[in-house]
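So in numbering that gives the first Met the number 0 the end of the sequence shown lands on 104, straight run, no missing numbers. Comments concern the structure below.
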Amino acid sequence: MNSACMQCQNEALADSNVSLAADLRLEVHDLLLKGKSDDEIRDFLVARYGEFILFRPRMNLHNAWLWEHPACCCWSGCSSRCGSVRARSRLPITDEDPADHSAEA
Numbered sequence: 000m001n002s003a004c005m006q007c008q009n010e011a012l013a014d015s016n017v018s019l020a021a022d023l024r025l026e027v028h029d030l031l032l033k034g035k036s037d038d039e040i041r042d043f044l045v046a047r048y049g050e051f052i053l054f055r056p057r058m059n060l061h062n063a064w065l066w067e068h069p070a071c072c073c074w075s076g077c078s079s080r081c082g083s084v085r086a087r088s089r090l091p092i093t094d095e096d097p098a099d100h101s102a103e104a
């Protein structure tokens, strides 16, 4: 079972030297001795500490925007790029410098 340390957040619970991680390791050990499955332990930790204790959070309504945000940003960037390419393609092709017109006036 992979759980993240509550303080370190990018470190596994088993690898962390923080006292809170040691307490959580003891708690997980006690739950294992009681015959709890990995899923039951994971559900207990999520209920008590929240989704960020997992390295791979589950998708739900609370964090759906995190999963959709990269796709929305990519779509937005591509559509704005296509729009600017279309706008530039409609411009007339000329060899004249716009500064030449202002000098004649």
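We put the CB at the ideal spot given by N, CA and C, even for glycine. Note that the structure is predicted; figures quoted are calculated from it, not measured.
Give the straight-line distance between the Cα atoms of residue i and residue j, rounded to the nearest whole angstrom.
i: E67; j: E50; result: 17 Å
i: D29; j: N59; result: 29 Å
i: A21; j: C71; result: 40 Å
i: D42; j: R85; result: 51 Å
i: L65; j: F54; result: 14 Å
i: R47; j: V27; result: 13 Å
i: S105; j: S83; result: The question about residue 105 has no answer here: the residues shown for the chain are numbered 0 through 104.
For residue i, which of helix, strand or coil comes out of DSSP?
i: A11; result: strand
i: L90; result: coil
i: V27; result: helix
i: V17; result: coil
Since residue i and residue j are thought to touch, with beta carbons under 8 Å apart, how far apart are those beta carbons, to the nearest angstrom?
i: P69; j: N62; result: Going by Cβ atoms, the distance from P69 to N62 rounds to 13 Å, so no, they are not a contact pair.
i: R24; j: A11; result: In fact, because the Cβ distance is near 10 Å, the residues do not count as touching under 8 Å.
### Task
Jot down the residue ranges of each uninterrupted alpha helix (DSSP H) in the segment 36-81, minimum 4 residues, whole runs only, in chain order.
Runs found: 37-48.
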